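The listed protein sequences derive, respectively, from chains S and V. Counting along the first sequence from 1, when you hit position 189 you're at 196 in this note's numbering, and nothing is skipped either side. Counting along the second sequence from 1, when you hit position 351 you're at 375 in this note's numbering, and nothing is skipped either side. Accompanying notes for the structure given below.
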Amino acid sequence: MPLFGKSQKSPTDIVKALKEAVNSLEKGDKKAEKAQEDVSKNLVLIKNMLYGTSDAEPQTDIIVAQLAQELYNSNLLLLLIQNLHRIDFEGKKDVAQVFNNILRRQIGTRSPTVEYICTKPEILFTLMTGYELQEIALNCGTMLRECARYEALAKIMLYSDDFYHFFRYVEVSTFDIASDAFSTFKELLTRHKILCADFLEVNYDKVFSHYQRLLNSENYVTRRQSLKLLGELLLDRHNFTVMTRYISNPDNLKLMMNMLKERSRNIQFEAFHVFKVFVANPNKPKPILDILLRNQDKLVDFLMKFHTDRAEDEQFNDEKAYLIRQIKELRPMPGH
Amino acid sequence: MDNKMCNITQSDSDDQENISENEVELTNRVFEVNSEDLRPLFLQESHLSDHQLLDEDEPFWPNALDDLDGVNINNFFHRVSSDQVIYQAKKRLKMIGKYVMGDLLGEGSYGKVKEMLDSDTLCRRAVKILKQRKLRRIPNGVQNVEREIKLLKSLKHKNVISLVDVLYNDEKQKMYLIMEFCVGSLQGMLESTPSKKFPFFQAHGYFTQLVDGLEYLHSKRVVHKDIKPGNLLLTLEGVLKISDLGVAETIDFFANDDTCVQGQGSPAFQPPEIANGLDSFPGFKVDVWSSGVTLYNFVTGQYPFEGDSIYKLFENIGKGDFTIPGDIEDPLRSLLWGMLQKEPEERFSLQQIRQHLWFSKRPPLTEAPVPIPPLRNDEFHCMTVLPYLFDHYYDTSDTASNLQYFTQRQLNEEIMKREAEQNNGNAQPNQSSKRRWKKPISCIAVRKLPGCKQS
């Protein structure tokens, strides 16, 4: 590499060199140190082509197009992600940056990288399993969220079996990984409204049986975050069908009533926002109505004393007053 | 006629109003005048003589005055030449709760909008000042505002204006809605350009943000019903904020569809189903239509439907026939067709808009973007609260020699100029008007404050 001026290497050369270096890193032969160095060096070269440096502009579109084409043809993106844990710290970050940049590339109305990944979904699955490995979890997280912005890729992830691993990832003991996983999880479930609504509808039983576990988690943060997300999902107009289904199941109502009594006030408050939907439902199925009727007096008493210090939150107080009125007026279904 | 008297009396009545509109507080410094000499009798006449005043170069006391019922006016009025009656611009600090009041930003349908500074967090804010008296005169005014406040409190999205605080002053019967600070509306930007339109890439940037915001509103079951460039505000960073939810409707939580019964938006942006007076219609598609008209307006500078009267306009909208100028090519053309379909069922959904080719393709940067028009000649939109703070906290006596005084004549000239400017349809900022007036309006000795320029 010349000391001064730009590198004269073509994208083809760099991609080839990087691929060789990653391969020998994978094999773990004695030249590992040299390979590590080559990987870092070539990653920086690619990164600079895409982003430019303080004294060089990014490369022209033609060079970038060539680079992208080489990356697709050599299958290097997958290879890099598979060996991400072997690459050094800075290199990992460079991989994420290169990946995200290439992903965002557009030609006219097309996103060629998105199309490429659609044909190579292993890339997504490998990224998702990245949450298993502490040293690459966060790098994989940034790449996954970038992917989740594209509906086609989000769809592949949502409908894959690997998606259900997220229910485990969001609960891991390492806090930063758990929260990163949760934000990816949330992005996948909320970003593309229609896609998500369809997904939840089709996979209702599987998703919500998994979700139940989160709501019962030992981990306070998981419990609170998942309850909040559940509220958001159910209150979103796009998920109307899912909401109707959720609030006709008496088990869900019982769970929410128990959460209203949780020790944490924050969880109580989030539970309130789900609980209110059960009560406000104008067409309550009999099992739901029965539970509410059985607890009618207790619920009214409870709600009267529920978070009375939130005087400034008008909406909450209005809703609470409405619920109390509704519950007081509950009557058994005619004919029973 | 009696110029000099007018000069003085005016300051209390007529002009005071004009001036306060321009947010210059005037301290009347009258020299050699005994205020007891002022009689209300002349207050009225002062209005009549306005125009003459402006033309008169040198203050002059015509002899004809002696005609006034034969009374020698000089006996009761002390004469002052008008160039001796001077005013001084002043910025007096005013606090509403923890907020420091700044200058006027604009006037909404319900009242003035001013800049504010949160003295705790130092966040720039805008405040909508609503007078209850005015509000009561508007049909459903009070209810609409209360509903809007409730609604805004429950919404939180990057592309929807957020309500930060609500304060009441029962004594003055005023309501202060404190909002995120925005520099202006897209309507104002469009009007500031000769072609009245945006380059494609700029229109695309705003349109995608509009769709993001709308999707959020719809997910919260809110139909905005009044989407138009005038209700889309921009922050200093160029983030679009959907504002004015005064006529928005919330669909019932358990309603099976989005049926609405009331259409209240701006006529030119209303869909055929409302123009034709249907009893009920799908609400979300109303917003799609008005976003379509808005996008049409962004890229062509025109409206798809026009009419001399509201009846004619509604008739044209009701027919649903419109043309798209030839220079608008596919895919934008087909997007506009899709959004402006006469039948709501055939009209695009937000989802279809999102998946449309024009939406996903970022148009190339072809020309300079339309800038946000300057506010009172300030293209940087500097914080207008600062001069008030400066006046309040720093001893300005040493700058007394720099104090700017100006006479009624200069004042009138300036007012004339401004009116002329406004009549010329917001032409470019008048260069010559800067000469004398720039200083008194702008902050006093603001140069002394380092870093007052907002980047």
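Where a beta carbon is used, it is the ideal one built from N, C-alpha and C, also for glycine. Since the model is a prediction, treat every value here as computed from it, not as a measurement.
Counting only residues of its own chain and dropping the five nearest sequence neighbours on each side, V235(V) has a CB closer than 8 Å to the CB of S315, L374, I377, R378, F383. The segment 155 to 175 of chain S and the segment 128 to 142 of chain S touch, with three or more beta-carbon pairs separated by less than 8 Å. Per DSSP, reduced to three states, the secondary structure at E326(S) is helical. Excluding the 5 residues flanking it on each side, R317(S) has same chain C-beta neighbours closer than 8 Å at F323, N324, in chain order.
In summary, T116(S) is exposed, with fewer than 16 beta-carbon neighbours lying within 10 Å of its beta-carbon over all protein chains present. Cβ-Cβ distances below 6 Å link N259(S) to Y253 in the same chain, with the five nearest sequence neighbours on each side left out; the list follows chain order. The three-state reading of DSSP puts C406(V) in coil, since its state is none of H, G, I, E or B.
In this structure, D250(V) lies near G289(V), with their beta-carbon atoms less than 8 Å apart.
Taken through DSSP and simplified to helix, strand or coil, L234(V) comes out as helix. Inter-residue distance for T431(V) and E437(V) is about 10 Å (C-alpha atoms, whole angstroms). At a cut-off of 8 Å between beta carbons, L389(V) makes no contact with chain S. By the criterion of a C-beta distance shorter than 8 Å, D311(V) is surrounded in its chain by L238, L241, H242, V247, H248, K249, I251, once the five residues flanking it on both sides are discounted. Two segments are said to touch when three or more pairs of C-beta atoms, one from each, lie closer than 8 Å; by this definition the segment 227 to 238 of chain S does not touch the segment 409 to 417 of chain V. By DSSP's assignment, A150(V) forms a beta bridge with E139(V), M203(V).
Taking a 10 Å sphere around the C-beta of F96(S), we find fewer than 16 other C-beta atoms and assign the residue as exposed. Shortest Cα-Cα distance from G165(V) to any of G270(V), Q211(V), L260(V) involves G270(V). By alpha-carbon distance to Q303(S), the top candidate from P339(S), E139(S), S180(S), T67(S) is P339(S). I298(S) and M264(S) have their C-alpha atoms roughly 10 Å apart. When only Cα atoms are considered, T259(V) and F404(V) end up about 12 Å apart. Look at E33(S) here: in three-state DSSP terms it is helix. The DSSP assignment places 296 to 299, 307 to 324 as complete runs of the alpha helix (DSSP H) inside the segment 282 to 342 of chain V, in order along the chain (cut-off: 4 residues). With contacts defined by Cβ atoms closer than 8 Å, V137(V) and A150(V) form a contacting pair. By the Cβ rule, the segment 267 to 287 of chain V does not count as touching the segment 220 to 235 of chain V, because fewer than three pairs are nearer than 8 Å. Boundaries of the alpha helix (DSSP H) around I88(S): 83 to 89. The Cβ-Cβ distance between V102(S) and L87(S) falls below 8 Å.
Sequence-ordered contacts of the segment 110 to 122 of chain S with chain V read Q113, G115, T116, R117, S118 [C-beta pairs closer than 9 Å]. Under the three-state reduction of DSSP output, D68(S) falls in the helix class.
Taking a beta-carbon distance threshold of 8 Å, S290(V) does not count as an interface residue toward chain S. If you draw a straight line from the Cα of I53(S) to the Cα of T19(S), it is about 11 Å long. Of all residues in the segment 242 to 263 of chain S, those with a C-beta nearer than 7 Å to a C-beta of chain V are D243, R244, H245, reading in chain order.
Only buried fits N255(V), as 16 or more other CB atoms lie within 10 angstroms of its CB. Straight-line measurement puts the Cα of S267(V) at about 26 Å from the Cα of P218(V). Secondary structure of V214(S) (DSSP, three-state): helix.
Judged by DSSP secondary structure, G126(V) falls within the beta strand (DSSP E) whose first and last residues are 123 to 131. Taking 8 Å as the CB threshold, Q226(V) stays off the interface with chain S. Taking a Cβ-Cβ threshold of 7 Å, the residues of chain S close to Q375(V) are I201, in chain order.
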